[in-house]
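Trainee:
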Amino acid sequence: MNTAPLADLDALREHLHTDHGIQLTCSNSEFVARTRAHWLTRSFQARPVPRVIAAARHLAATVPTAVASANDGQVVRAGLTAVGLADLFDVLVAREQVTQLKPAPDAYLLAAAQLATDPQRCLAFENTAEGITSARAAGIPVIDIREETGTVQ
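Position one of the sequence shown corresponds to residue 485 (our numbering), numbered consecutively onward.
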C-alpha cells in the first residue's frame, strides 16, 4: 500500500486514486474548503492530551511558544480553542503560510523566525514522523509525543 502525507494534496489525490480508485473531481482549493468546514464543525470533539497540555502551559509561562502545523490555520485555532489553549501560543504557523509542508523544515523555521529565536534554541514536541523529520531538518531538538514512544529524538 502506498502512503502519502495528508498535508500534500497532490500526493493525497494520487494515493486515493491509486490505492482506493477514488478520483477527486474538485479543485485543491475546493477540497481544502470542504475539509476545513468538516473539521470546524467537529472541532469540539478535540480532546486534550494531559501531559502535552501540562508541558505547554509550563513552557508558555516561561518562554515564547509557537505552533508549527501542516494543517489549516482555522482548524488549528479551533482545535486549540476546544482544548483550552487558544491564547497560550505567541505564534501560530499553518500550512497556508509556508511553501513546503512537513517534512520540510519551513513551518519550524518560520515559527522560530517569528519568535526571533535561533532554531537550535527551540524545542519541538511532535506527534508525527513528518513533524519529527521537519523539526530535525530545521535544527530543532524534538520530543516525540506519540503515545507509543514518548522519547526525545
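Positions of the beta carbon are idealized from the N, C-alpha and C atoms, including for glycine.
1) Flag this pair as yes or no: are the beta carbons of Ala554 and Phe528 separated by less than 8 Å?
2) Would you check if the region 580-597 and the region 617-631 touch, i.e. whether three or more CB-CB distances between them fall below 8 Å?
3) What number of angstroms, rounded off, separates the C-alpha of Ile629 from the C-alpha of Leu576?
4) With DSSP as the reference, label Asp628 as helix, strand or coil.
5) Quick check: Phe573 and Val547, are their CB atoms within less than 8 Å of each other?
6) Can you tell which of Thr549, Val626, Arg520 and Val516 has the C-alpha that lies nearest to the C-alpha of Gln598?
7) Applying the criterion that 16 or more other CB atoms from any shown protein chain within 10 Å of the CB defines a buried residue, is Glu514 buried or exposed?
8) Whose C-beta lies closer than 6 Å to the C-beta of Leu564 among residues of the same chain, with five residues either side of it excluded?
9) Quick one: which unbroken alpha helix (DSSP H) runs of 4-plus residues sit fully inside the region 486-573? Chain order, please.
10) Pick from Arg605, Ile537, Val560 and Glu614: whose alpha carbon is nearest that of Ala521?
11) What is the DSSP secondary structure of Ala588, counted as helix, strand or coil?
12) Exposed or buried, what is Arg541 when buried is set at 16 or more other beta-carbons lying within 10 Å of its beta-carbon?
13) Rounded to whole angstroms, what is the Cα-Cα separation between Leu500 and Thr519?
14) In whole angstroms, give me the CA-to-CA distance for Glu580 and Ala544.
Mentor: According to the structure shown:
1) no
2) yes
3) 19 Å
4) strand
5) no
6) Thr549
7) exposed
8) Ala570
9) 493-504, 512-524, 534-544 and 557-566
10) Val560
11) coil
12) exposed
13) 15 Å
14) 24 Å
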